[in-house]
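Novice:
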Amino acid sequence: MASQTHPFNLQPGQPPQLYPGAPPPSGGMPTSPIFSHSGSIPRPPGLYKSRPADRSHPVGGPPAVDESLRYQTSEPETIGFWGFICTLVVLFLASTLVFNYDPMEWIIDIDSAERHVADENATLAIEKEKMGLEREMMAREKELWEKASEAHVPRGAFWGVVWPSWVCLAYGKREYWGSLHNIPKDWDAMDACMNMPVEIKGVKIRRPDRCAKVSVFPEVQLQGFWTVDWDQPDCKPWYRNFEDKGCVGWGSGKRRIKAQIVGINNKGGQDWRWLCNSMPLVWDMITYPSPARCEEEGFWGEKFAVWEVPDETCQSWTPLVLVNMQSMSALDISPAPAPNLAPIDA
Numbered sequence: 020m021a022s023q024t025h026p027f028n029l030q031p032g033q034p035p036q037l038y039p040g041a042p043p044p045s046g047g048m049p050t051s052p053i054f055s056h057s058g059s060i061p062r063p064p065g066l067y068k069s070r071p072a073d074r075s076h077p078v079g080g081p082p083a084v085d086e087s088l089r090y091q092t093s094e095p096e097t098i099g100f101w102g103f104i105c106t107l108v109v110l111f112l113a114s115t116l117v118f119n120y121d122p123m124e125w126i127i128d129i130d131s132a133e134r135h136v137a138d139e140n141a142t143l144a145i146e147k148e149k150m151g152l153e154r155e156m157m158a159r160e161k162e163l164w165e166k167a168s169e170a171h172v173p174r175g176a177f178w179g180v181v182w183p184s185w186v187c188l189a190y191g192k193r194e195y196w197g198s199l200h201n202i203p204k205d206w207d208a209m210d211a212c213m214n215m216p217v218e219i220k221g222v223k224i225r226r227p228d229r230c231a232k233v234s235v236f237p238e239v240q241l242q243g244f245w246t247v248d249w250d251q252p253d254c255k256p257w258y259r260n261f262e263d264k265g266c267v268g269w270g271s272g273k274r275r276i277k278a279q280i281v282g283i284n285n286k287g288g289q290d291w292r293w294l295c296n297s298m299p300l301v302w303d304m305i306t307y308p309s310p311a312r313c314e315e316e317g318f319w320g321e322k323f324a325v326w327e328v329p330d331e332t333c334q335s336w337t338p339l340v341l342v343n344m345q346s347m348s349a350l351d352i353s354p355a356p357a358p359n360l361a362p363i364d365a
């Protein structure tokens with residue numbers, strides 16, 4: 020009988036290796052219970068990969084075994100150079116932390132942080148307490164001031180009709196005036212006027228800006244004057260037709276902007292320059308309180324405002340006329356020869 024390699028043994032002619040404790044085979048086919056009726060040999064776990072039973076051989080014959088699956092062993096993976104370096108770094112850091120660890124430092128740091136937080140909380144509490152005291156003091160002072168003001172208000176005195184002036188003082192501002200009546204005889208007239216409140220356009224004003232005695236036939240009246248800067252649409256003209264007039268000058272860093280002013284109320288001899296010189300402008304997210312100058316042009320006297328706003332493009336010293344350097348190099352700029360002059364006889 021020719022020698023053959025048994026699936027359980029790599030050496031030819033050797034009997035199959037049975038499970039530990041199984042009786043040795045006695046000639047012919049072994050009678051061990053490891054041989055199933057289907058003719059396939061059960062494989063011990065761990066030696067071979069699982070694969071379906073091979074039906075290509077007759078019943079009782081050895082199944083076909085893949086030689087590549089025999090004695091599957093896994094060799095340990097070798098650690099490369101960079102793995103070794105990383106291991107050394109990790110070990111170095113771990114040893115540094117272990118040998119340099121001082122629990123007292125951590126305790127001191129935690130204590131200092133807690134003290135810092137406690138100090139900040141105490142400071143915030145003190146500031147809040149101060150702010151509360153300041154608010155209480157302000158409220159108390161306001162109450163005392165109102166009581167003192169009421170005590171200084173003349174009993175029985177009142178303002179007559181409060182009139183707006185015809186002209187505007189500035190952009191969005193107008194002056195109002197009114198006469199004070201029924202002043203008590205035991206009061207000083209100017210003191211009574213300066214301590215008399217009034218309400219204009221829904222806003223209560225504590226005292227006038229100024230008081231003056233004005234002769235109104237047939238008597239002399241004491242009048243108060245107030246500057247009102249709210250709800251004054253007639254004192255708010257607007258701009259239109261913006262024009263870019265270019266840079267003020269090369270290297271100046273400023274650009275000239277020009278716009279027409281419309282909506283000026285000319286009643287009562289309003290001086291339009293008062294409004295123009297106080298008209299603000301928002302340009303490039305910057306508010307300019309007044310223009311650089313005001314101009315009046317044309318037959319109909321159109322009003323214009325001119326601003327000089329910063330512009331980085333106007334900081335260059337590049338001239339207006341750019342000369343072609345090639346044409347300049349082509350020019351003959353050598354000095355002309357001196358003319359032949361006859362010598363002057365002595």
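Quick note: the sequence shown uses the numbering used here, first residue 20, plus one each step. For each residue, glycine too, the CB sits at the ideal point set by N, CA and C. The structure presented is a predicted model; accordingly, all values stated were derived computationally and were not measured.
Over what stretch of residues does the beta strand (DSSP E) that includes A189 continue unbroken?
Specialist: Note, A189: beta strand (DSSP E), W182 to A189.
Novice: Indicate the three-state DSSP secondary structure (helix, strand or coil) for D263 in the structure shown.
Specialist: Strand at D263.
Novice: Could you round the C-beta distance between I280 and F323 to whole angstroms and report it? I think they count as a contact, below 8 Å.
Specialist: That pair is a contact at about 7 Å.
Novice: So W178 and F244 are supposed to be a Cβ contact under 8 Å. How far apart are they, rounded?
Specialist: At roughly 12 Å, the Cβ-Cβ gap does not stay under 8 Å, so W178 and F244 are not in contact.
Novice: How is R17 classed by DSSP in three states: helix, strand or coil?
Specialist: Since the first and last residues shown for the chain are 20 and 365, residue 17 lies out of range.
Novice: Which same chain residues, not among the five before or five after G272, have their C-beta less than 8 Å away from its C-beta?
Specialist: Closer than 8 Å at the Cβ level, and outside the excluded window around G272, lie P329, D330, E331, C333 and Q334.
Novice: Please report how far the alpha carbon of D138 lies from the alpha carbon of E153, in whole angstroms.
Specialist: So the alpha carbons of these two residues sit roughly 22 Å apart.
Novice: When burial is assigned at 16 or more other CB atoms within 10 Å of the CB, is A144 buried or exposed?
Specialist: Exposed is the call here.
Novice: Give the DSSP-derived three-state secondary structure of I224 in the structure shown.
Specialist: It is a strand residue.
Novice: Cutting at 8 Å between CB atoms, please list the residues of its own chain near V340, excluding the five before and the five after it.
Specialist: Low per-residue confidence applies at V340: pLDDT is 42, beneath 50, and the placement is therefore not dependable, though the value from the model is reported in the following sentence. There are no such residues.
Novice: So, for R274: in the same chain, excluding its five sequence neighbours on each side, which residues have a beta-carbon less than 6 Å away from its beta-carbon?
Specialist: Hits under 6 Å: C266, V328, D330 and C333.
Novice: Using the rule of at least 16 other Cβ atoms within 10 Å of the residue's Cβ for burial, across every protein chain shown, is N201 buried or exposed?
Specialist: The residue is exposed, with fewer than 16 neighbouring Cβ atoms inside 10 Å.
Novice: Identify, in the order they occur along the chain, each residue of the same chain with its Cβ nearer than 6 Å to the Cβ of C313, setting aside the five sequence neighbours on each side.
Specialist: Closer than 6 Å at Cβ, skipping near neighbours: R292, C295 and A324.
Novice: Thinking C254 and K192 are a contact (beta carbons under 8 Å), I'd like their distance in whole angstroms, please.
Specialist: Indeed they touch by this definition, with Cβ atoms about 6 Å apart.
Novice: Please work out which residues of its chain come closer than 6 Å, Cβ to Cβ, to E315, disregarding the five sequence neighbours upstream and downstream, and give them in chain order.
Specialist: Taken in chain order, the residues that qualify are K322.
Novice: Measuring alpha carbon to alpha carbon, tell me which of W249, I305, V222 and K232 ends up nearest L188.
Specialist: Ranking the options by Cα distance to L188, first place goes to W249.
Novice: Just the C-alpha distance for A278 and W182, rounded to the nearest angstrom, thanks.
Specialist: Taking the straight line joining both Cα atoms gives about 33 Å.
Novice: Going by DSSP, which residues form a beta bridge with A388?
Specialist: In the structure displayed, the chain extends from 20 to 365; residue 388 sits before or after that span and is not available.
Novice: Roughly how many angstroms separate the alpha carbons of R134 and P216, rounded to a whole number?
Specialist: Taking the straight line from one Cα to the other gives about 55 Å.
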